[in-house]
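First up is the structure itself, then whatever we jot down about it.
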Amino acid sequence: MSTGKLRPRRWLTHAATAAAASLLLAACGGGSDNAEGDGSITLRVGWYGGDPLHAALEEALDQYQQDNPDVTVEVSRAAFADYFDRLATETAGRSGPDVTRMSMSYFADYAGRSALQPLDDLVGDTIVVDGLDEDVQESGVLNDEYFGVPQSVISHALLIDPELLATLGAEPPSPEWTWDQYAEWAKAIGQANPGFYGSSDMGGQLQAFEVWVRQHGSELFTEDGTGLAFDRSVLEDWWTYWQSMRDEGGAPPADITADSDTFETSVLTQGLAPSTYVFVQQIMFFQALNEHPLELQPMPTTEGGDPGQFLKALDFWSISSTSEHPEEAAELIDYLVNDPQAIQTIGLNLGVPPSQEARDQLDTDPATPEGKAIAYVESLGDDRVGPPPGPWPRGYGELLALFTKLGEDIAFGSTDIGAASEQFFSEADRVLEGF
Amino acid sequence: MTERHRRRVAVRAGKHVLLTAVALVMLYPLLWMVVSSLRPDEQIFTQAGLLLTDVDLSNYEDGWDALGQPFSRYVLNSLLVAVGCIVGNLVSCSMAAYAFARLEFRRRRLFFAIMLMTIMLPIHVIIVPQYIVFSQLELTNTFVPLVLPKLLATDAFFVFLMVQFIRGLPRELDEAARIDGAGHARIYLRIILPLMTPALATTAIFTFIWTWNDFFSQLIYLTDPSVYTVPVALRSFVDSASSSSWGAMFAMSVVSLLPVFVVFLFGQRYLVRGIATTGIK
Numbered sequence: 001m002s003t004g005k006l007r008p009r010r011w012l013t014h015a016a017t018a019a020a021a022s023l024l025l026a027a028c029g030g031g032s033d034n035a036e037g038d039g040s041i042t043l044r045v046g047w048y049g050g051d052p053l054h055a056a057l058e059e060a061l062d063q064y065q066q067d068n069p070d071v072t073v074e075v076s077r078a079a080f081a082d083y084f085d086r087l088a089t090e091t092a093g094r095s096g097p098d099v100t101r102m103s104m105s106y107f108a109d110y111a112g113r114s115a116l117q118p119l120d121d122l123v124g125d126t127i128v129v130d131g132l133d134e135d136v137q138e139s140g141v142l143n144d145e146y147f148g149v150p151q152s153v154i155s156h157a158l159l160i161d162p163e164l165l166a167t168l169g170a171e172p173p174s175p176e177w178t179w180d181q182y183a184e185w186a187k188a189i190g191q192a193n194p195g196f197y198g199s200s201d202m203g204g205q206l207q208a209f210e211v212w213v214r215q216h217g218s219e220l221f222t223e224d225g226t227g228l229a230f231d232r233s234v235l236e237d238w239w240t241y242w243q244s245m246r247d248e249g250g251a252p253p254a255d256i257t258a259d260s261d262t263f264e265t266s267v268l269t270q271g272l273a274p275s276t277y278v279f280v281q282q283i284m285f286f287q288a289l290n291e292h293p294l295e296l297q298p299m300p301t302t303e304g305g306d307p308g309q310f311l312k313a314l315d316f317w318s319i320s321s322t323s324e325h326p327e328e329a330a331e332l333i334d335y336l337v338n339d340p341q342a343i344q345t346i347g348l349n350l351g352v353p354p355s356q357e358a359r360d361q362l363d364t365d366p367a368t369p370e371g372k373a374i375a376y377v378e379s380l381g382d383d384r385v386g387p388p389p390g391p392w393p394r395g396y397g398e399l400l401a402l403f404t405k406l407g408e409d410i411a412f413g414s415t416d417i418g419a420a421s422e423q424f425f426s427e428a429d430r431v432l433e434g435f
Numbered sequence: 001m002t003e004r005h006r007r008r009v010a011v012r013a014g015k016h017v018l019l020t021a022v023a024l025v026m027l028y029p030l031l032w033m034v035v036s037s038l039r040p041d042e043q044i045f046t047q048a049g050l051l052l053t054d055v056d057l058s059n060y061e062d063g064w065d066a067l068g069q070p071f072s073r074y075v076l077n078s079l080l081v082a083v084g085c086i087v088g089n090l091v092s093c094s095m096a097a098y099a100f101a102r103l104e105f106r107r108r109r110l111f112f113a114i115m116l117m118t119i120m121l122p123i124h125v126i127i128v129p130q131y132i133v134f135s136q137l138e139l140t141n142t143f144v145p146l147v148l149p150k151l152l153a154t155d156a157f158f159v160f161l162m163v164q165f166i167r168g169l170p171r172e173l174d175e176a177a178r179i180d181g182a183g184h185a186r187i188y189l190r191i192i193l194p195l196m197t198p199a200l201a202t203t204a205i206f207t208f209i210w211t212w213n214d215f216f217s218q219l220i221y222l223t224d225p226s227v228y229t230v231p232v233a234l235r236s237f238v239d240s241a242s243s244s245s246w247g248a249m250f251a252m253s254v255v256s257l258l259p260v261f262v263v264f265l266f267g268q269r270y271l272v273r274g275i276a277t278t279g280i281k
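Protein chains in written order, with my numbering: chain Z, 1 to 435; chain W, 1 to 281.
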């Protein structure tokens with residue numbers, strides 16, 4: 001035993017040396033070429049999305065590099081959830097991409113924690129936003145600072161499957177209908193066709209509820225985003241409306257709804273209901289999964305109410321606050337938003353383009369889902385669309401999930417509407433004031 | 001007698017039916033994936049059955065080239081990472097294990113306990129500091145951040161597995177070698193390593209499967225599509241917030257399962273032996 005006494009230390013030294021050496025070697029071998037003495041720079045551009053978007057953006061960026069030989073673009077792309085896992089790590093490591101696609105879901109978080117660069121000096125100068133729709137121009141503004149250049153314009157819609165409706169022996173809903181007429185129609189379909197329902201259950205969807213709230217003369221959140229702005233009775237009426245829809249066959253029971261929270265499993269894709277609530281660009285995703293041609297329609301209205309819908313951007317181009325080349329990053333953003341060739345290449349992969357010029361230029365076939373989305377956005381007049389609300393406050397994601405959970409609890413009968421609305425209000429206070 | 005015999009046959013048949021049924025239930029998702037890879041996209045989520053009306057190979061053709069690079073590129077990248085990790089784990093963990101099992105040094109028990117505790121650290125705890133180190137060294141978008149830690153015996157599970165294995169080897173062998181004048185290096189290389197083949201095989205197989213399936217760290221470190229590995233590439237087919245090419249993803253998933261399947265098929269024997277002889281169950 002004693003023979004080994006001296007050796008361990010030597011072993012340790014060797015091991016330590018070897019480790020250090022391998023680290024060094026690796027550091028020399030793998031370092032990227034950042035010899036930028038000649039004025040050429042490297043920009044990292046990151047985005048989330050599906051495969052068609054990856055292809056389109058890469059093509060647009062290739063074009064940009066050809067036109068600007070001193071700029072090299074590195075890409076960082078992933079699906080939505082994965083992208084934000086990665087972005088969080090990169091941001092913590094102070095090496096976020098120079099240009100990043102930013103979602104409204106995380107916008108207040110990143111902008112509020114100074115992870116994004118304020119663009120006030122660049123917008124209007126390097127990044128031209130004059131051509132953008134008035135309603136979306138300010139979507140990327142938080143606390144009077146400009147953090148995001150809008151990529152798309154969205155609004156709420158009903159997605160309708162006319163062929164399924166014909167099979168169920170019903171007429172399509174009229175765009176002029178109120179919520180009450182919509183309910184009457186949906187219940188009639190459910191009662192005449194056992195196993196089918198007139199509408200998906202929107203009771204647990206905060207974003208559909210927002211339309212209802214605005215029609216009742218209020219907003220979801222106070223202007224500074226620290227509290228709810230509507231009355232409890234408005235929420236209770238909403239849940240009562242959907243309770244009666246479920247009870248009378250207008251909307252599916254809780255177990256079906258709980259199982260239908262993706263495009264693939266939604267009641268529309270499964271052929272169980274001919275009408276569901278969507279954001280306009282989602283017609284493209286639903287259409288890819290559906291053999292029947294789908295149509296878009298505005299949301300039902302409230303008699304004598306305000307316009308409930310709005311036009312807004314939910315995705316932006318932003319610049320990381322750690323970017324070493326904000327000026328060049330801004331030029332790249334300007335190219336992606338305004339260059340005719342880039343607009344052509346990107347098409348509708350980022351959603352409906354937020355400028356009339358871009359939409360005219362694309363001149364999309366009105367029979368395609370893309371064309372329908374554009375036509376729908378352009379058809380929305382002032383009677384439908386009110387002034388857009390501010391950015392989603394921090395904690396929005398939590399409230400979204402809570403609203404869905406409470407909607408489900410009511411549908412399953414494990415809580416009643418009064419208790420659920422009380423819980424929503426107290427939790428919302430906690431969540432929104434926590435920031 | 002025949003009555004009893006008949007009853008025994010019936011019981012056995014019943015058992016087989018039950019086991020087959022359970023096996024089918026377990027296999028259903030896998031079979032559904034294979035079948036779905038042969039279906040057009042819009043049929044995938046409307047049909048839960050396993051019956052194929054007609055075989056459609058276009059998902060394989062489209063999926064192979066859908067991501068900018070041929071899928072073989074990602075398979076190759078994954079193989080490179082996996083081989084690097086296997087070599088790293090075999091070399092470094094066996095050395096660390098030898099030290100813990102055979103060397104006397106101060107605070108050995110303490111260090112052993114600390115080493116074991118690192119098993120319990122979730123990846124999310126260490127990924128940020130680790131990322132900062134590698135991004136300062138400008139090593140993101142290379143395989144170094146994935147392979148280098150393996151060369152430093154950071155997979156404590158395998159160190160533990162090998163320590164247990166080495167402890168089961170008779171010390172008389174070491175002592176005989178020492179009397180013949182062998183030092184630790186020689187004992188480790190000539191005596192211990194050859195005897196611990198089952199543990200090494202287990203380590204190699206597990207490392208392969210875990211690296212092949214690892215998603216999170218590969219997602220974080222590999223952002224350039226040309227260095228994507230299979231799991232990262234597969235995930236770019238699917239996006240919950242927009243449209244997903246499910247058919248292509250299923251097709252390429254089938255492709256990416258093949259190496260794991262083959263490794264498991266050939267390695268199964270060693271896997272069982274390696275685990276059974278180390279006292280880890």
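A virtual CB, placed ideally from N, CA and C, is assigned to each residue, including glycine.
In this structure Asp56(W) touches Pro40(W) by the C-beta definition: roughly 6 Å separates them, less than 8 Å. For Gln181(Z), the closest of Gln344(Z), Tyr241(Z), Asp255(Z) and Glu163(Z) by C-alpha to C-alpha distance is Tyr241(Z).
Chain-ordered, the chain W residues with CB closer than 7 Å to the CB of Asn290(Z) read Glu42. In this structure, Leu294(Z) and Asp161(Z) form a Cβ contact; the two beta carbons are roughly 6 Å apart against a cut-off of 8 Å.
Per DSSP, Gly371(Z) lies in no beta strand (DSSP E); the unbroken alpha helix (DSSP H) holding it starts and ends at Pro369 to Ser379.
Note on the region 254-301 of chain Z: whole beta strand (DSSP E) runs with a minimum of 3 residues are 275-279 and 295-297, in chain order. Nearest to Asp239(W) by alpha-carbon distance, out of Pro391(Z), Pro387(Z), Pro150(Z) and Tyr48(Z), is Tyr48(Z). Contact between the region 141-150 of chain Z and the region 364-379 of chain Z is not established, with fewer than three Cβ pairs separated by less than 8 Å.
Within chain W, the C-beta atoms nearer than 8 Å to that of Gln270(Z) come from Phe45 and Thr46, in chain order. DSSP places Glu176(Z) in no alpha helix (DSSP H); its state is neither H nor E. Taking the Cα of Ala101(W) as reference, the smallest distance to any Cα among Val11(W), Tyr188(W) and Thr202(W) is reached at Tyr188(W).
Within chain Z, the C-beta atoms nearer than 8 Å to that of Tyr131(W) come from Thr89, Glu90, Ala92 and Gly93, in chain order.
By the C-beta criterion, the region 218-235 of chain W is judged to be in contact with the region 60-78 of chain W, since at least 3 inter-stretch pairs fall below 8 Å. For Pro326(Z) and Asp98(Z), the gap between their C-alpha atoms comes out near 7 Å. The beta carbon of Val227(W) sits no closer than 8 Å to any beta carbon of chain Z.
Chain order gives the chain Z residues near Ala66(W) as Asp51 and Ala55, where near means a beta carbon separation below 9 Å. Not a single CB atom of chain W sits nearer than 8 Å to the CB of Glu378(Z). According to DSSP, Met102(Z) shares a beta bridge with Phe316(Z). Taking C-alpha positions only, Arg12(W) is separated from Leu18(W) by approximately 10 Å. Taking a Cβ-Cβ cut-off of 9 Å, the neighbours of Val128(W) in chain Z comprise Ala88, Thr89, Ala92 and Gly93, given in sequence order.
Chain-order list of chain Z residues neighbouring Ile220(W): Arg86 and Thr89, by C-beta distance under 7 Å. Listed in chain order, the positions of the region 54-78 of chain Z with a beta carbon within less than 8 Å of a beta carbon of chain W are His54, Ala55, Glu58, Glu74, Val75, Ser76, Arg77 and Ala78. Per the C-alpha coordinates, the member of Leu52(W), Leu200(W), Ser253(W) and Leu234(W) positioned closest to Tyr270(W) is Leu200(W). Less than 8 Å separates the beta-carbon of Ile123(W) from that of Phe216(W). Proximity to Pro393(Z) across Lys312(Z), Glu357(Z) and Met104(Z) peaks at Met104(Z), based on C-alpha coordinates. Secondary structure note for Gly46(Z): its beta strand (DSSP E) is the uninterrupted segment Ile41 to Tyr48.
The contact set of Arg235(W) on chain Z, defined by CB atoms closer than 8 Å, consists of Ala78, Ala79 and Asp82 in chain order. In terms of Cβ geometry, Leu158(Z) and Ser275(Z) form a close pair [threshold 8 Å]. Taking C-beta atoms under 8 Å as the contact rule, Arg171(W) and Ala177(W) fail to qualify, at a distance of about 11 Å.
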